[in-house]
Amino acid sequence: MMKIFDPKHNKNCLSNKLILSIIKKYNTPCWVYCADNIRKQISKLKKFDIIRFAQKSCSNINILKLIRQNNIKIDAVSLGEIERALYAGYDPHHDILFTADILENNTLKKIIELNIPINIGSIDMLHQLGQLKKKHNIWLRINPGFGYGHNKKTNTGGIYSKHGIWYSDIEQTIQIIKKYHFNLIGIHMHIGSGVNYKHLKKVCNAMLYNVTQKYMPKIHAISAGGGLSIPYNIHDESINIDHYFYLWNNTRKLISQYFHTDIQLEIEPGRFLVAESGILIAQIYAIKFIQNTRFILVNIGFNDFSRPVLYGSYHHISAISSTGIDLSQDNKIPTIIAGPLCEAGDVFTQNSHGKLTTCLLSINIKLYDYLIIHDTGAYGASMSSNYNSRPLIPEILIDNNKITQIRRQQHMKELINLEII
């Protein structure tokens, strides 16, 4: 069975034949996920005591159900994500952790009602919770004073980050915890997306210092946060999970010795679990040459997939013909891939500074052939919008060669009904 990927991008269960059957049944564009790939990624993290999925990366309730069936807990960052997790069968008290830097009134009401633990990101949150309920289970998210991310927009630590309680405010925070008799479960420290081992060791040291040197009450767990990277580019190295675990496990052992008790080690992956499981299928509707540069225009825009526009993120792009012929072995020419939106920036080949780049695609590509954008399982469908009044597109799950639509095409009438007075 012919694969649509070159060997370094053959990451999941999809073949040309399967792709064409999906297109025939559901049309384009659409998102497609491979369940086996998600399970494989989960298995790589089994050394950690608790794996907590960052559902913002892929919030479809059917993906959440799949992940729950593999004994993975959930991290929710909004009331809507709490509702999704509940619908997917997660226990609110034992499975869900709410992480935020503010507590909106309706969210706080639901959290108290369901006794959901909170990962506290600001001192104001402690007072807002404590005024309504004492003795609640909480975590503290600490900003250690530095951060790191693959893009400045994904850096979640340091003086320019809104996230977490500043490390020098920990002692004040502890006094407030005592005032409201909160049960401090653990400490969370996440400085950004994309693993840099030098920064990782620095985070581990910061976790150890802030727990053992700031008069911290006895805790029961620490969280390594998320941000585990995946190889989007064929030149990217895969993360060394054993080394990652080794650094955090050493930190856990030292904290355990300090408190004379067992400490659980949590991790909070999003992208790592689902990114490589997904592809985005688009169809070509225009081919034009601007001077010597080929532009290919497809039926998806940044309303569907925003990462390349928002972050300048690279995603491998491949092509198959309208009859399913693999075009990856053809002679290739530099190509800019763009969408249909009324925006000059609606381009999928650009860098983090907004400068247009190219990808190499077959010289034989024709109208109505298909482009496959790879590694779109994370921060793809979950970040889609209705910009230019374009409805959300379908999501498809492949599990043991069974094809299931897990989100249907949104209808324009549904959008209009929201606005009818």
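In my numbering, the protein residues as written are 539 to 959.
All C-beta atoms in this analysis are idealised placements derived from N, C-alpha and C, irrespective of residue type, glycine included.
How about residue i: is its Cβ closer than 8 Å to a heavy atom in the ligand HEM?
i, result
"ILE650", "This structure lacks the ligand HEM; in fact it carries no ligand of any kind."
Whole angstroms are fine: how far does the CA of residue j sit from the CA of residue i?
i, j, result
"LEU865", "LEU898", "11 Å"
"THR692", "TYR852", "Because THR692 carries a pLDDT of 47, less than 50, the predicted location of this residue cannot be relied on, and the following value inherits that uncertainty. Approximately 15 Å between the Cα atoms of the pair."
"TYR564", "SER900", "26 Å"
"ARG622", "PHE827", "45 Å"
"ILE708", "SER616", "25 Å"
"PHE810", "GLN579", "7 Å"
"CYS880", "HIS949", "21 Å"
"ASN575", "VAL812", "8 Å"
"ASN554", "HIS665", "56 Å"
"HIS798", "MET745", "17 Å"
"PHE586", "ALA759", "12 Å"
"PRO682", "VAL741", "8 Å"
"HIS632", "GLY618", "18 Å"
"THR831", "ILE863", "24 Å"
"GLN829", "GLY763", "47 Å"
"THR711", "ALA876", "49 Å"
"PHE886", "ASP800", "47 Å"
"ILE825", "LYS893", "21 Å"
"LYS648", "ILE676", "15 Å"
"ILE703", "SER660", "5 Å"
"GLY521", "GLU806", "What is shown of the chain runs 539 to 959, which leaves residue 521 out entirely."
By a C-beta neighbour count over all protein chains shown, 10 Å radius and 16 as the cutoff for buried, is residue i buried or exposed?
i, result
"GLU804", "buried"
"GLN607", "exposed"
"LEU956", "exposed"
"ASP780", "exposed"
"LEU905", "exposed"
"HIS701", "buried"
"TYR782", "buried"
"ILE557", "buried"
"SER581", "exposed"
"TYR628", "buried"
"ASP662", "exposed"
"HIS891", "exposed"
"THR645", "buried"
"PRO872", "exposed"
"MET540", "With a pLDDT of only 30 at MET540, under 50, the local geometry of the prediction cannot be trusted, and no value is derived from it."
Candidates the options: which alpha carbon is nearest residue i's?
i, options, result
"LEU848", "GLN821, LYS717 and ASP884", "ASP884"
"ILE715", "ARG845, ASN565 and LYS756", "LYS756"
"ILE612", "LEU909, PHE591 and SER597", "PHE591"
"ASN653", "ASN575, ILE634 and ALA857", "ILE634"
"HIS773", "HIS854, GLN802 and TRP786", "HIS854"
"ILE658", "ASN643, GLN821 and ASP639", "ASP639"
"ILE834", "SER856, GLY850 and ARG845", "SER856"
"ILE822", "THR566, ARG577, HIS737 and CYS551", "THR566"
"TRP569", "ARG577, LEU930, ILE656 and SER890", "LEU930"
"GLU933", "LEU552, CYS551 and TYR571", "TYR571"
"ILE680", "THR645, LYS647, ASN743 and GLU651", "ASN743"
"GLN751", "PRO769, TYR705 and ASP868", "TYR705"
"PRO878", "THR637, ILE605, ILE954 and ASN837", "ASN837"
"TYR625", "GLY850, LEU646 and LEU602", "LEU602"
"THR896", "LYS870, TYR917 and ASN939", "LYS870"
"ASN748", "LEU583, THR789, SER859 and SER776", "THR789"
"LYS739", "ASN787, LEU935 and ASN643", "ASN787"
Following the continuous alpha helix (DSSP H) through residue i, name the residue where it begins and the one where it ends.
i, result
"TYR784", "779-797"
"ILE620", "617-625"
"PRO846", "845-849"
"TYR564", "554-564"
"ARG809", "809-812"
Taking the beta strand (DSSP E) that residue i falls in, what are its first and last residues?
i, result
"ARG945", "940-945"
"LEU953", "Segment 950-955 is the alpha helix (DSSP H) holding LEU953; no beta strand (DSSP E) there."
"LYS578", "Run containing LYS578: none in the beta strand (DSSP E); it sits in the alpha helix (DSSP H), 573-581."
"LEU818", "816-828"
"GLN802", "802-805"
"ILE911", "908-912"
"THR831", "831-836"
If contact is defined by three or more beta carbon pairs under 8 Å, each pair taking one atom from either stretch, is the stretch 835-842 in contact with the stretch 917-936? Yes, the stretch 917-936 is in contact with the stretch 835-842.
Cβ pair count under 8 Å reaching 3, the stretch 808-819 against the stretch 905-914: Three or more Cβ pairs drawn from the stretch 808-819 and the stretch 905-914 lie within less than 8 Å of each other, which places the two stretches in contact.
Would you call the stretch 588-603 and the stretch 942-955 in contact, with 3 or more CB pairs under 8 Å? Under the Cβ criterion (8 Å, minimum of three pairs), the stretch 588-603 counts as touching the stretch 942-955.
Are the stretch 754-768 and the stretch 716-724 touching, with three or more C-beta to C-beta distances below 8 Å? Using a Cβ-Cβ distance cut-off of 8 Å, the stretch 754-768 and the stretch 716-724 are in contact, since at least three pairs of beta carbons, one from each stretch, lie closer than that value.
Stretch-stretch touch, CB-based, cutoff 8 Å, three pairs: the stretch 719-726 with the stretch 668-678: As far as the Cβ criterion goes, the stretch 719-726 touches the stretch 668-678, which means the pair count is three or higher.
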